[in-house]
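Numbering (our numbering), first residue to last: 141 to 294.
Since the structure comes first, as structure tokens, the remarks are kept for the end.
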Amino acid sequence: MKKLVIFFGIFLFFFSCSVKKAPVFLKVDDIKIINIISDTIRLGANAYFNNPNDVGGKMYTDQIKVIINDAAIAQVSSDVFKIPSRKDFTIPLKIAIPSKQIFENKKNGILGGLLNVLTNKPVKVQLKGNLNYVVLGFKKEFIIDTIEEIIIKF
């Protein structure tokens with residue numbers, strides 16, 4: 141009987157504290173220029189998420205591409221960070237954009253996107269890639285594919 145109670149307790153623990161849903165992507169905001177050097181423009185941004193699960197964990201990005209106005213321009217980098225359970229959380233993102241991609245001659249390319257930024261017109265920003273979520277030694281991969289129209293203000 142004692143073994144049955146222990147088994148039932150362990151069974152209940154594992155199935156009540158499970159990862160049922162992916163962290164919910166809310167928005168990307170607070171986009172700002174960190175620095176500009178001759179070959180690279182570095183941007184910073186915050187990605188806002190909500191964790192609906194009963195357990196926290198760790199999350200890291202793996203090859204999330206930044207696509208602005210249908211042109212892939214950069215990849216996002218971020219450190220491994222802890223996720224609280226049942227709360228909203230923010231992930232600081234670092235984006236490095238090669239300057240040569242901004243000034244390439246493409247129809248409606250990145251330079252056109254920069255002109256939209258300067259005139260306060262919305263810019264279509266797409267984040268596409270994988271988000272890795274690690275809980276209790278188990279890894280789950282979530283696909284991020286979101287498009288937002290944002291206005292970057294200086």
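Glycine residues also receive a C-beta, built at the ideal position from the N, C-alpha and C atoms.
All values derive from a computational prediction rather than experimental measurement.
Three-way DSSP call (helix, strand, coil) for residue i in this model
| i | result |
| --- | --- |
| Ile204 | strand |
| Ser239 | helix |
| Ile146 | helix |
| Gly197 | strand |
Euclidean distance between Cα positions of residue i and residue j
| i | j | result |
| --- | --- | --- |
| Gln266 | Ile173 | 18 Å |
| Ile231 | Ala211 | 24 Å |
| Lys261 | Lys222 | 35 Å |
| Ser218 | Leu183 | 12 Å |
| Ile146 | Phe165 | 38 Å |
| Tyr273 | Lys279 | 6 Å |
| Ile287 | Ser178 | 29 Å |
| Arg226 | Lys143 | 32 Å |
| Met141 | Asp285 | 50 Å |
Beta-carbon contacts of residue i that lie in its chain and below 8 Å, excluding the five residues immediately before and after
| i | result |
| --- | --- |
| Lys161 | Pro192, Asn193 |
| Thr180 | Ala236, Ile237, Pro238, Ser239 |
Spatial neighbours of residue i in its chain, beta-carbon cut-off 6 Å, leaving aside the 5 residues before and after
| i | result |
| --- | --- |
| Pro163 | Phe189, Asn191 |
| Val220 | Lys198, Tyr200 |
| Asp228 | Asn190 |
| Leu233 | Ala185, Ala187, Val216, Ser218 |
Close-in-space but distant-in-sequence residues of the same chain around residue i (CB under 7 Å, 5 per side omitted)
| i | result |
| --- | --- |
| Ile283 | Asn270 |
| Gly214 | In the sequence on display, residue 214 carries Ala and not Gly. Around Ala214: Val206, Ile235, Ala236, Ile237. |
| Gln203 | Gln215, Gly269, Asn270 |
Test item: CB-CB of residue i and residue j under 7 Å
| i | j | result |
| --- | --- | --- |
| Glu289 | Lys264 | yes |
| Val206 | Ala187 | no |
| Gly197 | Pro224 | no |
| Asn176 | Ala185 | In the sequence under discussion, the amino acid at residue 176 is Ile, which differs from the Asn named in the question. Taking 7 Å as the Cβ cut-off, Ile176 and Ala185 do not qualify as a contacting pair. |
Residues that DSSP places opposite residue i in a beta bridge
| i | result |
| --- | --- |
| Leu267 | Val206, Thr286 |
| Ile176 | Ile181 |
| Asp228 | Asn190 |
| Ile223 | Gly197 |
Residue i: CB within 6 Å of a non-hydrogen atom of the ligand ATP
| i | result |
| --- | --- |
| Lys279 | With respect to the ligand ATP, the structure shown offers nothing to examine, as it has no ligands at all. |
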